[in-house]
Amino acid sequence: MDDIRLMRPGFSMGLLIFAMAAILVVVDFYARLVVDNPQLVGALRWGSLAALATALGTLPVVFSIPFSQRANDAMLGFGAGVMLAASSFSLIIPALNVAREQGSGPWGAGAIVGGGIMLGAALLLLIDRSVPHEHFVKGVEGSRARKMKRVWLFVLAICLHNFPEGLAIGVGFAGPDDIGARALAMGISIQDVPEGLVVALALSSVGYGRAIAVGVAVFSGLIEPLAAVLGVAVIGISAALLPWGLAAAAGAMLFVISHEIIPESHRQGHESHATLGLILGFVLMMLLDTALA
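According to this note's numbering, the sequence shown holds residues 1 to 293 in order.
As C-alpha cells, this is what we get:
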C-alpha cells in the first residue's frame with residue numbers, strides 16, 4: 001500500500017508532462033500547417049528550447065552528481081544576472097523604441113513602458129498573494145496552503161517563477177526584431193540550465209525522490225513554451241499592445257529576480273558568490289544581445 005502511495009505523485013507528474021507535451025505538439029502543428037504563423041512557430045520552438053534547457057539542468061540530479069551550496073547560490077545569481085540583462089536590453093529598450101515608432105514622444109514612451117513594467121510586476125504580486133504556494137526561503141504562504149501537499153506548492157512556486165520568462169519569449173517574437181527575440185530566448189535558455197538544477201536539488205534536499213524532483217523541474221520548464229504562445233496571441237490582438245507587453249514581461253521578470261532569486265541565493269551566506277554570478281550572467285546576456293543585434 002505504501003509503495004502505491006509513493007508511486008502516485010510520480011505517475012501524476014508523468015501524466016502532466018505528457019499532457020503538456022501533447023498540447024505543444026498540437027499547437028506546433030496548427031501554427032505550421034493551419035495558420036502559417038512564423039511568429040507563433042518561433043515562439044513555440046524557442047520556448048521549447050528553454051524547456052529543454054531546464055530539463056538538461058536536472059541531469060546531475062539524475063546521475064547523483066553532488067553540488068555544493070556555494071555553487072548552487074552562484075548559479076542562482078548567474079540566472080538572475082541573465083534575466084536582469086534580458087529585461088533591460090531585450091525588453092525595456094525595444095519597448096521604448098516601439099512606443100516611439102508608434103508615435104509617442106520621449107515622455108509618452110517612457111510613461112507607457114513604466115506603466116507596463118509596473119503592470120507586469122503588480123500582476124505577479126497579485127498572483128503571489130492570491131495563489132497558495134511555497135517559497136524556498138520564506139515557507140508556506142496563502143490561505144489554503146496548509147491543506148495542499150508540499151509537492152504541489154513547489155509546482156505552483158516554480159510555475160510563477162517560469163511564466164514571465166516564457167511570456168517574454170513570446171512577446172519578443174511578436175515584435176519586429178526577430179534577431180533580438182532569439183537573443184532573448186537564448187539568454188533565458190542559458191539561465192534555465194542552472195535553474196532546472198537548482199529546482200531539482202531543492203526538492204531533493206527536502207526529501208523528494210529523484211523521479212519527483214526531476215519531474216517537477218521538467219514540468220516547470222514546459223510552462224515556458226505555453227506562456228510564449230500566450231504572449232504571441234495577446235500581442236496579435238493589436239500592435240499597440242506590443243510596447244505594453246514587452247514592458248509587462250520585463251516587470252514580471254524583475255519581480256521574480258527581486259522576490260525569489262536574489263533572496264534565495266543570499267540565504268546561506270554566499271552573497272559574494274551569488275553577486276559575482278549575477279554580474280557574470282548580466283555581462284554574458286548583454287554580449288549576446290548586443291553582438292547578435
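Think of the CB as a built atom: it goes at the ideal place given N, C-alpha and C, for glycine as much as any other residue.
Small disclaimer: the values here were computed from a predicted structure and weren't measured.
How many Å lie between Y208 and M83 at the Cα?
Each residue's CA atom was taken as its position, placing Y208 and M83 some 28 Å apart.
Candidates G108, G57 and S64: which alpha carbon is nearest M75's?
With distances taken between Cα atoms, M75 lies closest to G57.
Candidates L44, G42 and T54: which alpha carbon is nearest G221's?
Taking only the C-alpha atoms, the option nearest G221 is T54.
Would the stretch 41-48 and the stretch 237-246 be scored as touching if the rule is three or more Cβ pairs under 8 Å?
The count of Cβ pairs closer than 8 Å, one atom from the stretch 41-48 and one from the stretch 237-246, stays below three, leaving the stretches out of contact.
Per DSSP, what kind of secondary structure is H273 in: helix, strand or coil?
Helix.
Helix, strand or coil for N37, going by three-state DSSP, please let me know.
DSSP places N37 outside both helix and strand once states are collapsed to three, so it counts as coil.
Would you mind giving the Cβ-Cβ distance between A200 and V214, rounded to the nearest angstrom? I have them listed as a contact below 8 Å.
So it is a contact: roughly 6 Å between Cβ atoms.
Integer Cβ distance of V61 from R210, believed to fall under 8 Å:
The C-beta separation of V61 from R210 comes to about 6 Å, placing the pair in contact by the 8 Å criterion.
Pair within 9 Å by beta-carbon distance, I127 and I92
9 Å or more divides the Cβ of I127 from the Cβ of I92.
Restricting to Cα atoms, I'd like to know which of P176, G110 and G108 is closest to G236.
Checked all of P176, G110 and G108; the closest Cα to G236 is P176.
Tell me the DSSP secondary structure of P66 in three-state form.
Secondary structure of P66 (DSSP, three-state): coil.
Whole-number beta carbon distance between A121 and A252, since they are thought to touch under 8 Å:
Between A121 and A252 the Cβ distance is about 7 Å, and since that is below 8 Å, they are a contact.
Should G166 and A228 be called a contact, given that it needs their Cβ atoms to be closer than 9 Å?
Going by C-beta atoms, G166 is nearer than 9 Å to A228.
Integer-rounded CB distance, given that G77 should sit under 8 Å from L276:
Rounded, the Cβ-Cβ distance is 7 Å, consistent with contact.
Measuring alpha carbon to alpha carbon, tell me which residue in A51, N97 and S68 is nearest Q268.
Distances from the CA of Q268 to each of A51, N97 and S68 were compared; the closest alpha carbon is that of S68.
Going by DSSP in three states, P176 sits in which element: helix, strand or coil?
DSSP places P176 in coil when its eight states are reduced to three.
Ends of the alpha helix (DSSP H) at A250?
Segment L242 to V256, the alpha helix (DSSP H) holding A250.
To the nearest angstrom, report how far apart G103 and S64 are at their CA atoms.
So the alpha carbons of these two residues sit roughly 56 Å apart.
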